[in-house]
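First up is the structure itself, then whatever we jot down about it.
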Amino acid sequence: MEKNERIELAELLFPNIKKTRNYYENLYPERDLPDGAMVTRFGPSPTGFVHMGSLFSAFIDSVFAKQSHGKFFLRIEDTDQKRSVENGTEGIFNDLNAFNIVPDESEIVGGKYGPYIQSERTEIYQTYVKDLIIQGLAYPCFMSEEEIAQIREEQEINKTKLGIYGHYAVDRDLSFDEIKERLSNNQEYVIRLKSPGNSSNTIEIVDCIKGKMKFPEHDMDTVLLKKDGTPTYHFAHAIDDHLMHTTHVIRGDEWVSSLPLHIQLFDILGFKLPQYAHVAPITKKEDGTIRKLSKRKDPEAKVSYYEEVGIPIDAVKLYLATILNSNFEEWYLNNSEKNIDDFTFSFDKMAIGGTLFDLDKLNNISKTYFSRKSGEDVYGETLAYTEKFDPDYHKLLVDNKDDMIKFLSIEKDGERPRKDIAKYSDVKEEFSYAIDNMFEKENYSKYDGTKIYDVNLIKEYLEELDLTSTNDEWFAGIKKFAIDHGYAASPKEFKKNPEEFKGHVGDLCEALRVMITGRTKSPDLFSIMKILGKDKINNRVELYKKFSNQ
Ligand code: GLU
Numbered sequence: 022m023e024k025n026e027r028i029e030l031a032e033l034l035f036p037n038i039k040k041t042r043n044y045y046e047n048l049y050p051e052r053d054l055p056d057g058a059m060v061t062r063f064g065p066s067p068t069g070f071v072h073m074g075s076l077f078s079a080f081i082d083s084v085f086a087k088q089s090h091g092k093f094f095l096r097i098e099d100t101d102q103k104r105s106v107e108n109g110t111e112g113i114f115n116d117l118n119a120f121n122i123v124p125d126e127s128e129i130v131g132g133k134y135g136p137y138i139q140s141e142r143t144e145i146y147q148t149y150v151k152d153l154i155i156q157g158l159a160y161p162c163f164m165s166e167e168e169i170a171q172i173r174e175e176q177e178i179n180k181t182k183l184g185i186y187g188h189y190a191v192d193r194d195l196s197f198d199e200i201k202e203r204l205s206n207n208q209e210y211v212i213r214l215k216s217p218g219n220s221s222n223t224i225e226i227v228d229c230i231k232g233k234m235k236f237p238e239h240d241m242d243t244v245l246l247k248k249d250g251t252p253t254y255h256f257a258h259a260i261d262d263h264l265m266h267t268t269h270v271i272r273g274d275e276w277v278s279s280l281p282l283h284i285q286l287f288d289i290l291g292f293k294l295p296q297y298a299h300v301a302p303i304t305k306k307e308d309g310t311i312r313k314l315s316k317r318k319d320p321e322a323k324v325s326y327y328e329e330v331g332i333p334i335d336a337v338k339l340y341l342a343t344i345l346n347s348n349f350e351e352w353y354l355n356n357s358e359k360n361i362d363d364f365t366f367s368f369d370k371m372a373i374g375g376t377l378f379d380l381d382k383l384n385n386i387s388k389t390y391f392s393r394k395s396g397e398d399v400y401g402e403t404l405a406y407t408e409k410f411d412p413d414y415h416k417l418l419v420d421n422k423d424d425m426i427k428f429l430s431i432e433k434d435g436e437r438p439r440k441d442i443a444k445y446s447d448v449k450e451e452f453s454y455a456i457d458n459m460f461e462k463e464n465y466s467k468y469d470g471t472k473i474y475d476v477n478l479i480k481e482y483l484e485e486l487d488l489t490s491t492n493d494e495w496f497a498g499i500k501k502f503a504i505d506h507g508y509a510a511s512p513k514e515f516k517k518n519p520e521e522f523k524g525h526v527g528d529l530c531e532a533l534r535v536m537i538t539g540r541t542k543s544p545d546l547f548s549i550m551k552i553l554g555k556d557k558i559n560n561r562v563e564l565y566k567k568f569s570n571q
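Numbering (our numbering), first residue to last: 22 to 571.
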């Protein structure tokens with residue numbers, strides 16, 4: 022087809038497109054950002070919620086943009102009707118908000134490079150397609166679905182590459198008259214790329230995560246605009262990431278196989294290729310096999326799960342940081358004052374294969390996170406959580422505020438703060454002894470009762486207990502009491518001559534601990550006793566007496 026025919030064809034196909042490429046190039050100028058600033062984007066389909074794998078991508082986008090003083094924007098990719106649900110965009114905004122992953126630009130906060138929703142950019146895509154038609158790099162293809170299915174069948178039988186290319190691209194060289202005739206018969210069409218590639222050529226690209234990759238050149242006449250005039254993912258990606266000046270396309274590695282097409286699109290459109298970073302999927306180990314984290318099978322794949330079970334969002338983000346960069350965790354453990362924003366992330370510390378999502382590991386990170394919070398903060402956050410998810414306990418927390426903060430503040434100072442809380446709901450469980458009427462109800466349900474302790478001996482000890490003494494004095498006191506009553510001063514001494522003793526001082530402390538807290542392990546016992554006070558301690562010993570039938 023001659024150029025003048027192509028111009029005529031472009032007008033015929035897109036009579037309403039009056040703008041030009043130049044118009045958009047001028048409308049969306051280069052961003053004014055410092056050297057090295059990264060522009061990243063998150064492009065979810067409006068499916069109603071963000072899957073953990075996508076959230077991980079969005080997290081990476083935001084982290085890299087922030088640390089390089091760049092920009093991170095959110096673009097809703099709603100060109101695939103099958104993946105869109107009603108109000109699906111709202112769910113995406115909610116989930117991102119819940120994780121405090123806040124884009125610098127989006128449909129909601131605005132920005133100079135919008136619209137940030139693909140269904141509102143149709144005119145832009147069509148303008149560029151119109152130009153490709155004029156250049157002879159795209160054409161209308163009238164093949165029916167049946168014809169395409171037939172070609173596929175033939176290709177499968179012949180075991181040749183599937184797709185529309187070479188002689189299978191039957192509409193590639195239709196004459197202008199032929200096209201005009203089909204259009205006048207209202208025959209449906211898509212717009213296909215007239216691929217200039219040759220699959221015996223090799224192309225090379227360096228992915229920020231996966232490193233150097235080689236592919237055969239793309240040679241398919243891929244669809245650019247669908248029958249309804251909306252773009253395919255591939256075409257929209259090239260146009261949007263060019264006009265929005267994305268520097269780094271960070272996306273799931275299911276897109277790696279489309280790279281040759283994308284490279285070709287950027288090339289024929291005359292756009293500078295962004296850098297690509299293909300992120301390995303988040304996986305889960307189950308019965309010895311590793312599979313992708315699934316929104317159907319795994320509750321933890323939904324971001325709302327964390328709010329419900331009460332794992333703080335910041336702890337989940339810390340976990341995402343540990344799976345993002347292999348050197349983050351050690352850094353975090355060694356820097357008790359620092360946070361995610363203080364760490365410099367890099368692509369070369371990212372996993373190339375799947376990234377295992379491990380809830381135990383998340384719990385551990387969360388415990389460290391909680392251990393660095395003051396008792397007062399843990400109290401306040403637990404209060405907010407229980408208000409929504411455990412109203413009965415919430416009331417108890419409100420009524421016992423002062424004591425509860427004191428309990429939550431035990432063993433917070435020093436090199437190795439207490440690490441027993443991974444989620445807000447653990448507070449109820451771990452501090453079951455803290456609130457008197459809760460203890461009275463549950464008392465020794467957490468103690469297995471295998472050992473029965475001597476109530477009278479403990480009562481005798483309590484007579485001399487002085488709650489105003491220091492920790493050292495307290496321990497010296499109980500030690501002396503133990504020795505005077507036939508206990509060894511240490512486990513070592515006891516082990517040497519077990520028949521000579523009733524036990525060792527630790528056993529006496531255990532007896533006291535079980536009677537007072539209902540458990541064999543607790544934070545510092547003397548601190549607990551000081552908060553409870555003599556009366557409550559004595560009441561609990563009476564409770565234990567009944568429990569153990571003494
Ligand atoms: N809309 C695409 C998806 O949901 C985005 C992929 C990309 O980030 O380029 O998979």
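Note that CB positions come from ideal geometry on N, CA and C, so glycine has one too. From a predicted model like this one, the values you see are computed outputs, not experimental measurements.
Relative to Ser-221, the option among Asn-207, Leu-214 and Asp-240 whose CA is nearest is Asp-240.
When DSSP assignments are scanned along the stretch 284-368, the uninterrupted stretches of alpha helix (DSSP H) that are 4 or more residues long and fall wholly within it turn out to be 325-330, 334-345 and 349-355.
In this structure Leu-354 is in contact with Thr-389, their Cβ atoms being roughly 7 Å apart against a cut-off of 8 Å. The continuous stretches of alpha helix (DSSP H) do not include Phe-378, and DSSP gives it neither H nor E.
With respect to the C-alpha of Ile-172, the residue from Tyr-160, Phe-163 and Tyr-189 having the closest C-alpha is Tyr-189.
From the listed residues Gly-131, Ser-89 and Ala-119, the smallest Cα separation to Arg-96 is found for Gly-131. Its chain contains Asn-356 as the residues whose beta carbon lies nearer than 8 Å to that of Asp-363, once the 5 sequence neighbours on both sides are disregarded; these appear in chain order. Per DSSP, reduced to three states, the secondary structure at Met-265 is coil, with no helix or strand assignment. Distances taken from the Cβ of Ser-140 to the heavy atoms of the ligand GLU include none shorter than 8 Å. Approximately 31 Å separates the beta-carbon atoms of Ile-200 and Pro-136; this is outside 8 Å, ruling out the contact.
Taking non-hydrogen atoms of the ligand GLU into account, the C-beta of Val-270 is found less than 8 Å away from one of them.
A distance of 9 Å or more separates the beta carbons of Leu-483 and Val-535. By the C-beta density criterion, Val-106 is exposed, having fewer than 16 other C-beta atoms within 10 angstroms.
Distance from Ile-549 to Ile-431 at the Cβ level is roughly 7 Å; contact confirmed, criterion being Cβ atoms closer than 8 Å.
The beta carbons of Lys-323 and Lys-316 sit closer together than 9 Å.
Straight-line spacing of the CA atoms in Asn-108 and Ala-79 works out to 20 Å.
If you check the C-beta of Phe-63 against the ligand GLU, you find a heavy atom less than 8 Å away. The count of Cβ pairs closer than 8 Å, one atom from the stretch 82-95 and one from the stretch 51-69, reaches three, so the stretches are in contact. Bridge partners of Lys-92 according to DSSP: Val-60. A distance of 9 Å or more separates the beta carbons of Thr-110 and Glu-126. Two segments are said to touch when three or more pairs of C-beta atoms, one from each, lie closer than 8 Å; by this definition the stretch 449-467 does not touch the stretch 516-526. Measuring C-alpha to C-alpha distances from Glu-485 to each of Ile-473, Asp-493, Lys-472 and Lys-501 identifies Lys-501 as the nearest. By the criterion of a C-beta distance shorter than 6 Å, Tyr-445 is surrounded in its chain by Gly-331, Thr-403 and Tyr-406, once the five residues flanking it on both sides are discounted. The alpha-carbon separation between Pro-124 and Pro-65 amounts to approximately 13 Å. In the displayed model, Leu-183 falls within coil according to three-state DSSP, outside both helix and strand. With respect to the 9 Å criterion, Ser-395 and Pro-333 are not classified as neighbours on the basis of their beta carbons.
Looking only at Phe-349, Pro-217, Gly-435 and Thr-251, the smallest Cα-Cα distance to Asp-288 is reached by Pro-217.
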